[in-house]
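Sequence lines, in order, name chains A and B. Just add 205 to wherever you are in the first sequence, counting from 1, and you've got the working numbering. Just add 1205 to wherever you are in the second sequence, counting from 1, and you've got the working numbering. Built from N, CA and C at the ideal position, the CB exists for glycine as well. Everything numeric in this text was worked out from a predicted model, so none of it was measured. Read through the structure below, which is laid out as structure tokens, and then see the notes.
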Amino acid sequence: MGTHSDGVRRGTADFMTARIPSFTDFLTSYAPDLLPGSAELGPDPSEAIKGLRHATTIVAAECEGGVVLAGDRRATMGNVIAQRDVEKIHRSDEFSAMGFAGTGSLGLEFARLFQVELEHYEKMEGRTLSLEGKANRLANMVRGNIGGAMQGLVVIPLFAGYDEDAGTGRIFSYDVVGGPYEEHRYASIGSGSVYAKSSLKKLFRDGMSSEDVVLAVVQALYDAADDDSATGGPDLTRQIFPVVSTITADGFHRLPDSETAEIAQQVVSGRLGAPDGPSAPLS
Amino acid sequence: MTMPFGYVSPEQAMRDKADYARKGVARGRSCVTLQYEGGILMVAPNASSALHKISELYDRIAFAAVGRYNEYENLRKAGVTYADVTGYQFDRADVTARGIANWYAQNLGEIFTASLKPFEVEIVVAEVGATPDSDQIYRITFDGSVSDEPGFVAFGGEADEVAEVLKERFSDGMSLSEALGAALEALAAQGNGQSAPELTADKLEVAVLDRARAHRTFRRLRGARLAELLAEARPEAEKEDSGEDSSGDSGSSGDSGSSKSSGSGAKSSSSGSKSASGKGKASGKSSGSDDDPPTGPPAPSGDGIPKK
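So, in structure tokens, the structure goes:
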């Protein structure tokens, strides 16, 4: 029996009723105010939205036996850099992770809720959701925020996971109405995504090892930061580097900062000689 | 509550309910939960590999139950939901076994007094801490009584018999295989001398809360890993088994024919692992000298659980 913030004392029945094992569905009936994006927005929130933190570029690319998901570290507030070390890549469960672009606070809440959602299902049912099941669940959550999105509180996830049945990595993207759209080879979201995608287009090869893909996505993030003011590049002075994670048969693994530091250092030193980065053959 | 003709005193009504619940619980076989050096071990006799008696509640908290399946399964799911809501609302670190145990106690107490039929269950909520001192084990009965059980707990129909053996065998800082050996010996003490089938890997449900793991510490032990641990836990019995499967089986079933033999059978197998049981008893006597290093069968390195 819990006493919830609205002061209503809840009965056991709320917890013991047989129901679909979705945490979000449970919260919707039990404590809807705990869901992200549930607060009432004023008639014109656009002024307030300028004061919110926005997260930017996320990239994902398939690699041999898995997928790499990475993001820059910058959050902006209008033309101000609001934060230099944001974590936009979040482990969702053992074999999947999401990154987000858009309203930072909502993104963080989505990441947290989605993590509980997957784990809740797993504990209730004694099995993990299929990768499609997870992707669909996330689509549902994104769609739940459509009201906020229409008023400017946009947040878009990029979902990547290891498909245990197929033995490969898979990537799913979304728009504000949901999705999921399955992406092949590589994908990117956020303000720098155009540049990151163009960069990956030239660098990505099918069947690259995870080490090579990690290098390619760091290059892509560098290119995004090079041309998009809202995307942060590797910050050598403050030792802040992109968050890079791999998801393979061994599960989710966030590369330690020492490793990303090395890769970023390699990319930056390469750019000292060739500011535009590695070039692809003309034909 | 609807009454038949005539007056039934509240005392009598409560007694009847308690008897009813107790009988229901007694139908199931007892389970044990105990500390080992690397965390908390839970062992339950369970022939089903799908309908669990032991489950994960949260990152560092597990649930074990005996009694009526649909009732404790309902409680388990409610507990998972309660834990997930609490952890989502506040922080993952704010979900504690104490909180969940109290929540269960409140609910079971309410069900016991307010509803016609009490729940025929007995549950244990255990939390693995950063150090053995901060481990917590709570036992909650059908009427909502909670007890804090340091070190180990036996629960279910013949909890007293099981607990007695466990008390003898339990010592602080046991390795996983020693703890499993103690648990199996304790579980063999039940059955009231009736046929107690040998607890083989496929008739056991075993899980641990592994102190060393990050995030979610709950792990089930099964298959080859469990068989290997069982072999370590009772080397003698396994030797017989591997020598000739049928003879090992018939030996144990022959044992269980007479009234005290299931106990004596267990004892003989444990006397094979002299170092383990000897150590258990010695430290049991010294009551509290828990700093002796365990001298039982060699522990697998670390917790012995394969890590992904």
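Opposing strand residues paired with residue i [DSSP bridges]
i, result
"Gln288 (chain A)", "A:Ala280"
"Ile294 (chain A)", "A:Gly304"
"Ile361 (chain A)", "A:Ala306"
"Met1247 (chain B)", "B:Thr1238, B:Ala1412"
"Tyr367 (chain A)", "A:Gly374"
"Val272 (chain A)", "A:Glu267, A:Ile452"
Where the beta strand (DSSP E) containing residue i begins and where it ends
i, result
"Leu408 (chain A)", "Careful: Leu408 (chain A) lies outside any beta strand (DSSP E), inside the alpha helix (DSSP H) at 398 to 408."
"Arg1425 (chain B)", "1423 to 1426"
"His458 (chain A)", "456 to 459"
"Gln1395 (chain B)", "That residue, Gln1395 (chain B), is in no beta strand (DSSP E); it is neither H nor E in DSSP."
"Asp1340 (chain B)", "Neither: Asp1340 (chain B) is in no beta strand (DSSP E) and is coded neither H nor E."
"Ser450 (chain A)", "448 to 453"
"Ala1359 (chain B)", "1357 to 1360"
"Ile1266 (chain B)", "1266 to 1272"
"Ser392 (chain A)", "This sequence places Ala at residue 392 (chain A); Ser is not what is there. Its beta strand (DSSP E) spans residues 391 to 394."
"Gln444 (chain A)", "Unbroken run through Gln444 (chain A): none, as it is neither H nor E."
"Ser1352 (chain B)", "1351 to 1353"
"Ile1328 (chain B)", "1326 to 1332"
"Pro385 (chain A)", "383 to 388"
"Tyr1212 (chain B)", "No beta strand (DSSP E) contains Tyr1212 (chain B), which DSSP labels as neither H nor E."
"Glu1261 (chain B)", "1259 to 1263"
"Ile263 (chain A)", "263 to 268"
Proximity test, Cβ basis, 9 Å: residue i and chain B
i, result
"Tyr367 (chain A)", "no"
"Arg493 (chain A)", "Here chain A comprises residues numbered 206 to 488, so residue 493 (chain A) is not present and cannot be evaluated."
"Met303 (chain A)", "no"
"Leu336 (chain A)", "no"
"Phe409 (chain A)", "no"
"Ala236 (chain A)", "yes"
"Arg214 (chain A)", "With a pLDDT of 40 at Arg214 (chain A), under the threshold of 50, the modelled position of that residue is not reliable, and no figure is offered here."
"Met221 (chain A)", "yes"
"Ile225 (chain A)", "no"
Cβ of residue i within 9 Å of any chain A Cβ
i, result
"Asp1289 (chain B)", "yes"
"Asn1279 (chain B)", "yes"
"Glu1185 (chain B)", "Only positions 1206 to 1513 of chain B appear in this structure, which leaves residue 1185 (chain B) out of reach."
"Glu1327 (chain B)", "no"
"Ile1510 (chain B)", "Residue placement at Ile1510 (chain B) is flagged as unreliable, the pLDDT there being 45, under the threshold of 50; the coordinate-derived value follows with that caveat. No, no contact with chain A."
"Ala1417 (chain B)", "no"
"Ala1255 (chain B)", "yes"
"Gly1485 (chain B)", "With a pLDDT of 36 at Gly1485 (chain B), under the threshold of 50, the modelled position of this residue cannot be trusted, and the question is left open."
"Arg1421 (chain B)", "yes"
Range of the contiguous alpha helix (DSSP H) that encloses residue i
i, result
"Met1379 (chain B)", "Looking at the DSSP string, Met1379 (chain B) is not in any alpha helix (DSSP H), and its letter there is neither H nor E."
"Phe315 (chain A)", "309 to 330"
"Arg375 (chain A)", "Looking at the DSSP string, Arg375 (chain A) is not in any alpha helix (DSSP H); the run it does join, the beta strand (DSSP E), is 373 to 380."
"Ala354 (chain A)", "351 to 355"
"Val1370 (chain B)", "1364 to 1374"
"Phe1317 (chain B)", "1302 to 1319"
"Val472 (chain A)", "462 to 478"
"Thr229 (chain A)", "228 to 235"
"Ser415 (chain A)", "415 to 432"
"Glu252 (chain A)", "251 to 254"
"Val1230 (chain B)", "1215 to 1231"
Neighbour list for residue i in chain B, Cβ cutoff strictly below 8 Å
i, result
"Val321 (chain A)", "Asp1289, Gly1292, Tyr1293"
Residue i: contacting residues in chain A (beta-carbon distance under 8 Å)
i, result
"Val1285 (chain B)", "His325, Lys328, Met329"
"Glu1261 (chain B)", "Lys328"
Under 7 Å from the C-beta of residue i: neighbouring residues of chain A
i, result
"Lys1282 (chain B)", "Met329"
Chain-ordered neighbours of residue i on chain B, where CB pairs are closer than 9 Å
i, result
"Leu239 (chain A)", "Val1290, Tyr1293, Gln1294"
"Phe231 (chain A)", "Thr1286, Asp1289, Val1290"
Chain-ordered neighbours of residue i on chain B, where CB pairs are closer than 7 Å
i, result
"Phe228 (chain A)", "Asp1289"
Closer than 9 Å to chain D by CB, residue i
i, result
"Ile1245 (chain B)", "Protein chains A and B are contained in the structure displayed, whereas chain D is not."
Worksheet entry | the region 372 to 385 of chain A / the region 395 to 414 of chain A touching (three or more Cβ pairs under 8 Å) | no
Practice prompt. Taking 8 Å as the threshold, find out whether the region 1369 to 1384 of chain B comes into contact with the region 1338 to 1349 of chain B through three or more Cβ pairs.
Written response: no
Discussion item. Whether or not the region 1381 to 1388 of chain B and the region 1224 to 1239 of chain B are in contact is what I'm after, with contact meaning three or more pairs of Cβ atoms, one per stretch, closer than 8 Å; do they touch?
Written reply: yes
Fill in: Cβ contact (3+ pairs, closer than 8 Å) linking the region 357 to 365 of chain A and the region 303 to 323 of chain A
yes
Worksheet item: Given 8 Å as the limit, is there contact between the region 1318 to 1328 of chain B and the region 1258 to 1277 of chain B, that is, 3 or more CB pairs closer than that?
Response: yes
Worksheet item: Pairing CB atoms from the region 293 to 306 of chain A with CB atoms from the region 261 to 278 of chain A, are three or more of them under 8 Å?
Response: yes
Item to complete: Taking 8 Å as the threshold, find out whether the region 1275 to 1294 of chain B comes into contact with the region 1351 to 1359 of chain B through three or more Cβ pairs.
Response: no
Worksheet item: If you pair each beta-carbon of the region 262 to 273 of chain A with each one of the region 448 to 468 of chain A, do three or more pairs fall below 8 Å?
Response: yes
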